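Participant: I'd like to ask some things about the structure below.
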Amino acid sequence: GSNITNAADIMKSLDVGIVPVCDNNQTPVGVITDRDIVLRSIAGYNTNQNVENVMSGNIVSVSPDTDAHEAASLMAQNQIRRLPVVENNKIVGMLSLGDLANVNIHVDEAGQALSSISKPGNEIK
């Protein structure tokens with residue numbers, strides 16, 4: 001499997017803050033975020049560790065036909081800013097809170113989702 005350094009390199013080259021972790025069949029099994037990497041690196045984790053050791057394993061995802069309001073609600077409920085878009089057990093995209101603002105869902109709803117995520121003491125998963 002890939003290590004933490006590989007994941008960081010991918011994030012840097014793609015200018016993203018999250019990378020899906022997939023098994024040998026390309027089925028998503030978790031995600032690793034820039035925050036996961038920073039916290040573990042500062043905490044003294046070996047950056048040669050496999051991403052499976054530091055990833056978030058409980059994936060909250062949406063399908064390509066998920067309604068934007070439902071996606072915003074999922075983000076708020078799970079205190080996450082990004083959702084993998086999965087179709088036929090394969091990741092076909094990544095949806096961010098910013099993307100939802102761009103598709104013109106009610107600004108109040110996007111703001112509500114962001115505010116519930118950003119409250120001090122709420123840990124981003």
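Taking this note's numbering, I'd label the letters of the sequence shown as residues 1 to 125.
Even for Gly, the Cβ is constructed at its ideal location relative to N, Cα and C.
Computed from a predicted model, the values in this text were never measured in an experiment.
#1: Verify whether the separation of the beta carbon atoms of Val-86 and Ser-63 is less than 9 Å.
#2: What's the gap between the Cα of Arg-40 and the Cα of Ala-76?
#3: Tell me which same chain residues have a C-beta within less than 6 Å of the C-beta of Ser-2, skipping the five on either side of it?
#4: Look at the Cβ atom of Thr-33, then the Cβ atom of Ser-56, and state whether they are nearer than 9 Å.
#5: So the beta strand (DSSP E) Val-92 belongs to, where does it begin and stop?
#6: Assign Val-54 to buried or exposed, taking buried as 16 or more other Cβ atoms, counted over all protein chains shown, within 10 Å of its Cβ.
#7: Hey, how far is the Cα of Leu-74 from the Cα of Leu-97?
#8: Could you give the distance in angstroms between the alpha-carbon of Arg-82 and the alpha-carbon of Val-38?
#9: So which of Ala-101, Asn-89, Leu-95, Lys-90 has the shortest CA-CA distance to Val-16?
#10: Look at the alpha carbon of Lys-119 and the alpha carbon of Tyr-45, and state the distance between them as a whole number of angstroms.
#11: Can you list, in chain order, the residues of its chain whose CB lies under 7 Å from that of Pro-20, leaving out five sequence neighbours each side?
Facilitator: Working from what's here:
#1: Looking up residue 86 in the sequence shown gives position 86. Looking up residue 63 in the sequence shown gives position 63. Taking 9 Å as the Cβ cut-off, Val-86 and Ser-63 qualify as a contacting pair.
#2: Reading the sequence shown from its first residue, position 40 is the one you call residue 40. Reading the sequence shown from its first residue, position 76 is the one you call residue 76. Each residue's alpha carbon lies about 25 Å from the other.
#3: On the sequence shown, position 2 is the one that residue 2 refers to. Only Val-51 meet the Cβ criterion.
#4: Here residue 33 is taken as the residue at index 33 of the sequence shown, counted from 1. Here residue 56 is taken as the residue at index 56 of the sequence shown, counted from 1. In contact: Thr-33 and Ser-56 (Cβ atoms closer than 9 Å).
#5: Within the sequence shown, residue 92 is the residue found at index 92, counting from 1. Taken as a continuous stretch (DSSP letters only), the beta strand (DSSP E) holding Val-92 covers 90-96.
#6: In the sequence shown, the residue the question calls residue 54 occupies position 54. Its Cβ being crowded by 16 or more others within 10 Å, Val-54 is buried.
#7: Looking up residue 74 in the sequence shown gives position 74. Looking up residue 97 in the sequence shown gives position 97. Distance between the alpha carbons of Leu-74 and Leu-97: 11 Å.
#8: Here residue 82 refers to the residue found at position 82 when the sequence shown is read from its first residue. Here residue 38 refers to the residue found at position 38 when the sequence shown is read from its first residue. Computed Cα separation, rounded: 17 Å.
#9: For the purposes of this step, residue 16 is taken as residue 16 along the sequence shown, with counting starting at 1. The residue with the shortest Cα to Cα distance from Val-16 is Leu-95.
#10: Reading the sequence shown from its first residue, position 119 is the one you call residue 119. Reading the sequence shown from its first residue, position 45 is the one you call residue 45. With a pLDDT of only 49 at Lys-119, under 50, the local geometry of the prediction cannot be trusted, and the value read off the model is given with reservation. Cα to Cα, Lys-119 sits roughly 27 Å from Tyr-45.
#11: In the sequence shown, counting from the first residue as 1, residue 20 sits at position 20. Result list for Pro-20: Pro-28, Val-31, Pro-84, Ile-91, in chain order.
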